[in-house]
Amino acid sequence: MGYNRSEANGLQHISSKEEQFEQIMEIYSTDIFRLAYSYVKNKSQADDVTQAVFIKCFTKFEQFRGKNFKSWLYQITVNICKDYFRSWHYRQTIISDSLITFFKEKSAEEVLLERDENKQISDAVLDLPVKYREIIFLHYFEELSLIEISNLLELNLNTIKTRHKRAKDLLKNAFMERGI
Amino acid sequence: MENRLTKIREAMLESTFKDAKFSEERKREVMDSISILPNKVSPFKRFSLLKPVMNIAICTVLLGGTSFFIFQELSGDSSQTTIRSGDQIDVSQLKLEHTVGNERKIFSPVSIEKAKEVVLFNYNLPYYLPFSKKEPVATITEWFEDKNKISVDVKYIPDTTDQGARYVELTISNFPNNVNSIIKKHDYHQEVSLNGNNAYLTKNENVDMISWIDNGIEYDLRYYSFKNKSGEESEELLKIAKSMK
Chain A
1408 MGYNRSEANG
1418 LQHISSKEEQ
1428 FEQIMEIYST
1438 DIFRLAYSYV
1448 KNKSQADDVT
1458 QAVFIKCFTK
1468 FEQFRGKNFK
1478 SWLYQITVNI
1488 CKDYFRSWHY
1498 RQTIISDSLI
1508 TFFKEKSAEE
1518 VLLERDENKQ
1528 ISDAVLDLPV
1538 KYREIIFLHY
1548 FEELSLIEIS
1558 NLLELNLNTI
1568 KTRHKRAKDL
1578 LKNAFMERGI
Chain P
3 MENRLTKIRE
13 AMLESTFKDA
23 KFSEERKREV
33 MDSISILPNK
43 VSPFKRFSLL
53 KPVMNIAICT
63 VLLGGTSFFI
73 FQELSGDSSQ
83 TTIRSGDQID
93 VSQLKLEHTV
103 GNERKIFSPV
113 SIEKAKEVVL
123 FNYNLPYYLP
133 FSKKEPVATI
143 TEWFEDKNKI
153 SVDVKYIPDT
163 TDQGARYVEL
173 TISNFPNNVN
183 SIIKKHDYHQ
193 EVSLNGNNAY
203 LTKNENVDMI
213 SWIDNGIEYD
223 LRYYSFKNKS
233 GEESEELLKI
243 AKSMK
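Residue numbers (my numbering), protein chains in the order written: chain A, 1408 to 1587; chain P, 3 to 247.
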């Protein structure tokens, strides 16, 4: 998959490329889905994003230069998520979801679940503003170093360090508020 | 606090992500979408996608008065083409697949035997592969600006799925291409000796690469492995490379 890889290869041998691609999707789809979910916080939208990521991955396959395939997929995911936040569709969905949540009565199971510590920790992370959430998720869930996060998000390392510190402060407060 | 932070992964796996994964239905949708992506674009649509490039081409044709010659070159009408003086390729036996901007011509894949016949410089292919393979094909690329610049791309794919998600890709170029850039930028992990030449090894998450120059020909050999890795991919790659003489 070098820069001089022939595009015709993909066009002519679509079946073999599809086979490889299916395997790639099998390997990475769960990771991509989770990363997407950490941004959009909704299963159906995470599915949409993951789907878009793999289609983009397929069409841009020739551009991958073999450095780190997973990082490349993550970069596509982050960019698609950020584009999605800017979209009209996303803003509309957020408004409708908030209204549904506000009016919906919680079931006994949901109430029990919410008392669960794991769920509390997870929700505290997901409730962070996105610029802090992405750093916490990538660092503590994906176990990426701050340098790797800086490369992935294409942000200065000092910015990442500042946001990481601020994110930890916010999370600490959130944990205290949730009594965990 | 640190305890809580280190627990984030476990907590999210046990709660939010417990049953959450990319649905099988969506996977099928992706496969359906990609199956119609590149090879089912209608000629008309392909033309419209290339409209900016075609506009430039039309201007060139009008200004230069060489429309007939350029049409023959871009149309891939192989019956009219012959070996040109100084060329490194016999295009008369190839069919033009498509062009990449005004940079490269990519020909339809041919068997590796046919590639050996039409490419007029000598190169080596591997005798050894760590898996039994499907019949490989070669894709030949010719650069517009210098008709002597040719690259041959060969992909070796396992013939059965039980041999793992892996494949080998070899790119051979008769001009300073990727390998020269790797050496110049010191973009490799290890330098090794290979059949009397210096070769440059690079190891990444899913791919082991080795690059070298032999008799002025660049070789870029990559071993992709996505799961069930043996841990011996670098050694296998070296064995493949050593068999190319």
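Backbone N, C-alpha and C define an ideal beta-carbon position, used for all residues, glycine too.
One Cα belongs to residue 153 of chain P, the other to residue 239 of chain P, and the distance between them is close to 21 Å.
Chain A has a Cβ within less than 8 Å of the Cβ of residue 32 of chain P. Using beta-carbon distances, residue 195 of chain P does not count as an interface residue toward chain A, since no partner is under 8 Å. DSSP places residue 18 of chain P outside both helix and strand once states are collapsed to three, so it counts as coil. Neighbours of residue 208 of chain P in chain A, taken as residues whose beta carbon is under 7 Å from its own, are 1476 in chain order.
Proximity of residue 212 of chain P to chain A, defined by a Cβ-Cβ separation below 8 Å, is not satisfied. With distances taken between CA atoms, residue 95 of chain P lies nearest to P/111 out of P/111, P/173, P/196. A straight line joining the alpha-carbon of residue 1568 of chain A with that of residue 1540 of chain A spans about 13 Å. Listed along the chain, the chain A residues whose CB falls inside 7 Å of the CB of residue 96 of chain P amount to none; the nearest CB is some 11 Å away.
By the rule that beta-carbons nearer than 8 Å mark a contact, residue 29 of chain P touches chain A.
Under the three-state reduction of DSSP output, residue 167 of chain P falls in the coil class, being neither helix nor strand. Secondary structure of residue 1432 of chain A (DSSP, three-state): helix.
In its chain, beyond the 5 residues on either side, 1527, 1531 have a beta carbon closer than 7 Å to the beta carbon of residue 1585 of chain A. Nearest to residue 1561 of chain A by alpha-carbon distance, out of A/1579, A/1458, A/1478, A/1533, is A/1478.
By the Cβ test, the stretch 28–35 of chain P is in contact with the stretch 1428–1437 of chain A, since at least three Cβ pairs between them sit closer than 8 Å. With respect to residue 22 of chain P, residue 1489 of chain A sits apart: the two C-beta atoms are not nearer than 8 Å. The C-alpha of residue 13 of chain P is placed about 57 Å away from the C-alpha of residue 147 of chain P. Contact check for residue 227 of chain P against residue 1425 of chain A fails: the beta carbons are separated by 8 Å or more. Residue-level contact by beta carbon fails for residue 1463 of chain A and chain P, as no gap is shorter than 8 Å.
Contact between residue 236 of chain P and residue 210 of chain P holds: CB atoms are separated by about 5 Å, below the 8 Å threshold. If only uninterrupted beta strand (DSSP E) runs of at least 3 residues are considered, those enclosed by the stretch 132–184 of chain P are 139–145, 152–158, 168–175. No Cβ of chain A is located within less than 8 Å of the beta carbon of residue 162 of chain P. P/156 is the residue among P/191, P/234, P/161, P/156 whose C-alpha sits nearest the C-alpha of residue 222 of chain P. Taking 8 Å as the cut-off, the Cβ atoms of residue 247 of chain P and residue 197 of chain P count as close. When the alpha-carbon of residue 167 of chain P is set against those of P/174, P/175, P/173, P/158, the nearest one is in P/158.
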